[in-house]
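Here is the structure we will look at.
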Amino acid sequence: MGPYDSSVSAGSSSSSGSSSSCSGKPADTIDGLLAGAGYRVRSSELRQVAQRLARLETVMVNAPTEVSHLANDAVHYNPSDLASWVDSLLSELHQPEIAPDPSTFSDLNYIAHTQAGHVLVNPMVSHRELSAGTEIEEDSGIRLVHVLMTCAESVHRGELSLAASLIEELQGLLTSVDGERGIGKVAGYFIDALSRRVFAPQGASLADSAFENAVLYHHFYEACPYLKFAHFTANQAILEAFSGHDCVHVIDFNLMHGLQWPALIQALALRPGGPPLLRLTGIGPPSPDGHDSLREIGLRLAELARSVNVRFAFRGVAASRLDDVKPWMLQVNPKEVVAVNSIMQLHKLLGSDPSRGSPIDPVLGWIRNLNPKIVMVVEQEANHNQPEFLDRFTEALHYYSTMFDSLEAYSAQLEKSLAEIYIQREICNVVCCEGLARVERHEPLVKWRDRLGGAGFTSLHLGSNAFKQASMLLALFSAEGYCVEENEGCLTLGWHSRPLIAASAWQAMPNIHSHE
Amino acid sequence: MVNLLQNGDVCMEELEEEAPMFCINDNEDVLVEILRRLDGRSLGSAACVCKMWCGIARNDALWEHLCFRHVSPPPSGVRPVVVALGGYRRLYMVCLRPVLSRLGRMRVGLGGGESDLVRRVWTRQEVELSLSLFCVDYYERLLGGGGKLTDAPASSLMFLCKTVNV
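First to last, the sequence lines map onto chains A and B.
Here UniProt numbering is used: the first residue of the first sequence is 1, the next is one more, and so on.
Here UniProt numbering is used: the first residue of the second sequence is 1, the next is one more, and so on.
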């Protein structure tokens, strides 16, 4: 393996999974990244070599007959001089009737082909023998991502045995990167998810007890600002919508520990004119062992409300799925003003069942018929509901890499680990599950706008107060990198200009006919 | 010891112990007036002097004054809520001080010593946000104690400060 003397270090140093691109450097230098992998290629020739490799692959893939003569040929080309190797192979494979058989190439272990048309060659030469350095780390990280994408692709095509061997290779590659942070950590979770999908498809979704879920959710709430942003923004909008009304009713689609409501209760207590009568209906999964967790949360909230002198009434509705809830269970009083609060719940209704159809439409229908003053919708800003597995996988890899990146700043290790497990469950659901089991069907804001607009809702602009409050909330976090953006009246919170969560407010369009 | 004579002259003399010694501990009202003007850290230190000072320095009214003396306009009707949620001293230690120091640092761009914080004027929104966070803190303690209020360090507010001294 030749020494490399160039100072080029290609690839991204951030932990998002972007593919490497070698930056141009003086023409005569050998590219450092490929040199680390055992190939000598001039930086000036990189582009041509890449193009020719792509052409070589096309030729080999499309060729129908055996190419075994290449393996048995006495002339062995030295692949470390990649440019001339590719040229000689291309001239040899003049005839397009040559079938590929990667296993016959003694010099090349394996060729990974990424979506961008970039060809990365995985050499037999182990570069672990080189001294450790960040270039090596980046190189391993980038290779990891490429092999991960290839594995996903093979799963997408249904080639499960290939996927299985790739998973083994990935687990090996994981040992050469830092699994505690950056790309190593994210890749670890995705490799785990892929292996669940490939090896144990039946038990793929992680068993989720409602209690565990609530605990993990609480730690996710603490470790990063996404949920706090959601709660505070929603509360601000609800507070403004309730202004001037004396009888108000909030319907929470996912009560959990009720962490959102203390702040609203306190704000209502201090509002000019005094607090209204507040009713809260909390929807949540039924508790398995008979003890009523919804009611307990209601009791705590009632205690808090009593301390600050707000008249309060709570009702719990136990339902394992949102589409099991019927409007009569909510007991909405015609004289009261209703606010519906959905924090990351609506996307769960997007799966469709041949017998029942997609539950989102009837649910949006009954929400609308409640004639709410405001409907708060907070959703993950990601496109994880695409029909093709590979698209979902790629999108999820980017999304969750960014999210893990943002989590890294949080110092308390235990909370961080539990928050990561919470995220891991989402990842597993997106990657491993299909059909009705796949509930994490995130869609971006533009799609929700269309959907809600089509269901008879108009958008309410979140005011500048909400924006200022969100900005202040972020300023209180030690990690700088979060950003709040305003997007046509909706607010998004993201990490380094990638929005990760979007909050929007809606109101039912006035309708003349009522459907019930 | 300086003695002011009737004709206005000043003469320096050793006097016997007839002149009353002013002892601050005998004049609680003066002490309170002095402590009212201190910043949070000094008030905390004052509480460590002796039992009497501790009792006075922990008086919530002092902390109320500290919390909102630089808020313009001062919030009204807040007291029953703050008292119900844990009192002004806790509000200051757990919410206001970290919020002020973080936001102050952002605004001024300095290290933000305690004296700098005192000079800042709050905005209404900063007050509201602090109160909301304080309420979340109260609720989490309620949850954690299974219905009884515990004195456990605030978990949701961990993002505000590395260590919490209450």
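Don't be surprised by glycine CBs; every beta carbon is placed ideally from N, CA and C.
At a beta-carbon threshold of 7 Å, none of the residues of chain B lie near A152 of chain A; the nearest stands roughly 34 Å away. DSSP, reduced to helix, strand and coil, places M403 of chain A within a helical segment of the structure shown. Listed along chain A are M472, each with a C-beta nearer than 8 Å to that of E126 of chain B.
Collapsing the DSSP output to three states places R271 of chain A in coil. DSSP places V338 of chain A in the strand class (E or B) of the three-state scheme.
When DSSP states are grouped into helix, strand and coil, N385 of chain A belongs to the coil group. For R102 of chain B, the nearest CB of chain A lies under 8 Å from its own CB, placing it at the interface with that chain.
8 Å or more divides the Cβ of E486 of chain A from the Cβ of F457 of chain A.
Considering only beta carbons, no part of the UniProt domain "F-box" (29–69) of chain B lies closer than 7 Å to chain A. Under the three-state reduction of DSSP output, A503 of chain A falls in the strand class. Per the coordinates, the alpha-carbon of L299 of chain A lies some 24 Å from the alpha-carbon of R90 of chain B. Per DSSP, reduced to three states, the secondary structure at F68 of chain B is helical. A Cβ-Cβ contact shorter than 8 Å links I251 of chain A with N341 of chain A. Between the stretch 183–195 of chain A and the stretch 379–387 of chain A there are fewer than three C-beta pairs closer than 8 Å, too few to call the two in contact. When the beta-carbon positions are compared, A318 of chain A and A503 of chain A stay at least 8 Å from each other.
Under the 10 Å beta carbon count, S209 of chain A is surrounded by fewer than 16 other beta carbons and is classified as exposed. Assignment of F477 of chain A by DSSP, reduced to helix, strand and coil, places it in the coil class. Annotated as proximal: L473 of chain A and P225 of chain A, with beta-carbon spacing under 8 Å. Here A318 of chain A carries a strand assignment [DSSP, helix/strand/coil].
Membership of Y482 of chain A in the beta strand (DSSP E) is indicated by the continuous run 482–487.
In the three-state reduction of the DSSP assignment, E440 of chain A falls in the coil class. DSSP places C490 of chain A in the strand class (E or B) of the three-state scheme. The alpha carbon of D26 of chain B has as its nearest neighbour, out of B:G40, B:L133, B:W53, the alpha carbon of B:W53.
With respect to chain A, the C-beta atom of V94 of chain B has no partner C-beta closer than 8 Å. Straight through space, the alpha carbons of T150 of chain A and L304 of chain A are spaced by roughly 53 Å.
Per the DSSP secondary-structure output, F457 of chain A pairs in a beta bridge with A:A508.
With contact defined as three or more Cβ pairs closer than 8 Å, the stretch 56–66 of chain B and the stretch 82–97 of chain B are in contact.
In the three-state scheme derived from DSSP, where H, G and I count as helix and E and B as strand, A200 of chain A is classed as coil. Per DSSP, R58 of chain B lies in no beta strand (DSSP E) and is assigned neither H nor E. Against chain B, the CB of K326 of chain A has no partner CB under 8 Å away; the residue lies outside that interface. Between A419 of chain A and A223 of chain A, the C-beta gap is smaller than 8 Å, which places the two residues in contact. It is roughly 28 Å from the alpha-carbon of C50 of chain B to the alpha-carbon of A84 of chain B.
For V32 of chain B, the enclosing alpha helix (DSSP H) has its first and last residue at 28–36.
Put simply, the CB of G144 of chain B is far from chain A, with every gap to its CB atoms at 8 Å or more.
Nearest to L131 of chain B by C-alpha distance, out of B:L103, B:R79, B:S101, is B:R79. At a Cβ-Cβ threshold of 8 Å, Q260 of chain A and Q469 of chain A do not count as neighbours.
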